[in-house]
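Chemist: Count along the sequence shown from 1, add 3, and you get the number used in this note's numbering.
We treat Cβ as the ideally placed atom computed from N, Cα and C, and that holds for glycine.
Structure incoming, see below.
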Amino acid sequence: MIGLALLGSLLGTALLDMKQLERSVTVKGLSEHEYEADIVIWPIQFTEADNDLNRLYQRMESGTRKVRDFLTDKAIADSEITINAPAITDKSAQQYGGARPDFRYTASQTVTVYSENIAAVRQAMSDMAELGKQGLVLTGNNYMAQSEYLFTRLNEIKPQMIEEATRNAREVAEKFAEDSNSNLGKIKQASQGQFSIYARDNNNPHIKKVRVVSTIEYYLSD
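In structure tokens form, the structure reads like this:
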């Protein structure tokens, strides 16, 4: 009987220890920082129209030179400029008994800037009226809205941000343990959230917010 009582006591203690180990708290830690984008992609599109196809091509070539000269004058390297083939539309081929168009041919040309020189490109965006004064018909009313800013240095900042998120999560857990008169134990499980990158606001798309949340569960004991 004494042996059974001792065994029961040991089992009771073991179950109590297990229940204590089962106590836990789940917390989240945030790390969020602002960084400037390091690459900008900026498509510039203009259109022309004419009844003579050869003359239309000449006008497109002239317009392309104006855009290239404008960009190089703004300290954008020639290697950062890509010129696509113009897209030509023959409106007579699309006519189905309607009114005759003023111009048979229309053309659209896209010149794309892919650059790490964010400041120079943004200055060029502000000076786009110069091209309009040269007679170019630019497509779209908001040229900056067409641009795309990329942040490519995520791998460089990942370790620092993960460390910060983990540290912040532990601070929250320590505060909870203190308020509940408990002792904070080891990590039971942890999950790393996805990094998110987004523009800080619509007026500053070149400034990116990078954010990550760590979720960590800690053991608690009395």
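#1: Between the C-alpha atoms of methionine 21 and serine 194, what's the straight-line distance to the nearest angstrom?
#2: Based on Cα-Cα distance, which residue from Lys189, Arg214, Val116, Phe106 lies nearest to isoleucine 79?
#3: Please list the segments of the alpha helix (DSSP H) lying wholly inside the segment 43-125, counting only runs of 4 or more residues, in order along the chain.
#4: Suppose you measure from the CA of serine 150 to the CA of valine 216; what does that come to, to the nearest Å?
#5: Rounded to whole angstroms, how far is the Cβ of threonine 109 from the Cβ of threonine 85, which I believe are closer than 8 angstroms?
#6: When you compare the segment 158-167 with the segment 113-129, are there three or more beta-carbon pairs, one atom per stretch, that lie closer than 8 angstroms?
#7: Helix, strand or coil for leucine 1, going by three-state DSSP, please let me know.
#8: Need the endpoints of the beta strand (DSSP E) that glycine 188 sits in, please.
#9: What is the residue span of the alpha helix (DSSP H) that leucine 134 lies within?
#10: If you measure between the beta carbons of threonine 67 and glutamine 112, is that distance less than 8 angstroms?
#11: Could you work out which residue in Met63, Thr75, Phe106, Asn171 is closest to isoleucine 219 when comparing CA atoms only?
#12: Hey, leucine 157 and isoleucine 42 are a contact pair by Cβ (cut 8 angstroms); roughly how many whole angstroms apart?
#13: If we call anything under 8 angstroms between Cβ atoms a contact, is serine 27 one with leucine 223?
#14: CA-CA distance, alanine 180 and histidine 36?
#15: Could you confirm whether any beta carbon from chain C is found closer than 8 angstroms to the beta carbon of alanine 88?
Modeler: Well, looking at it:
#1: By 1-based counting over the sequence shown, the position of residue 21 is 18. By 1-based counting over the sequence shown, the position of residue 194 is 191. Note that methionine 21 scores 45 on pLDDT, short of 50, meaning its location in the model is unreliable and no value can be drawn from it.
#2: Within the sequence shown, residue 79 is the residue found at index 76, counting from 1. The shortest C-alpha separation from isoleucine 79 is found at Val116.
#3: 56-76
#4: Reading the sequence shown from its first residue, position 147 is the one you call residue 150. Reading the sequence shown from its first residue, position 213 is the one you call residue 216. Going from the Cα of serine 150 to the Cα of valine 216 covers about 29 angstroms.
#5: Within the sequence shown, numbered from 1, the residue matching residue 109 stands at position 106. Within the sequence shown, numbered from 1, the residue matching residue 85 stands at position 82. Not confirmed; about 22 angstroms, so no contact.
#6: no
#7: Nothing in the structure corresponds to residue 1, since the chain is present only between 4 and 225.
#8: By one-based count along the sequence shown, residue 188 stands at place 185. Run containing glycine 188: 186-195, per the beta strand (DSSP E) assignment.
#9: The count along the sequence shown starts at 1 and reaches residue 134 at position 131. First-last of the alpha helix (DSSP H) with leucine 134: 132-136.
#10: Against the sequence shown, residue 67 aligns to sequence position 64. Against the sequence shown, residue 112 aligns to sequence position 109. Yes, these two residues count as a Cβ contact at 8 angstroms.
#11: One-based indexing of the sequence shown puts residue 219 at position 216. The shortest C-alpha separation from isoleucine 219 is found at Asn171.
#12: Translated into the one-based positions of the sequence shown, residue 157 becomes position 154. Translated into the one-based positions of the sequence shown, residue 42 becomes position 39. That pair is no contact at about 13 angstroms.
#13: Position 24 of the sequence shown, counting from 1, holds the residue named residue 27. Position 220 of the sequence shown, counting from 1, holds the residue named residue 223. Yes. Within cutoff.
#14: If you number the sequence shown from 1, residue 180 lands on position 177. If you number the sequence shown from 1, residue 36 lands on position 33. Cα to Cα, alanine 180 sits roughly 28 angstroms from histidine 36.
#15: The structure shown contains no chain C; it is built from a single protein chain.
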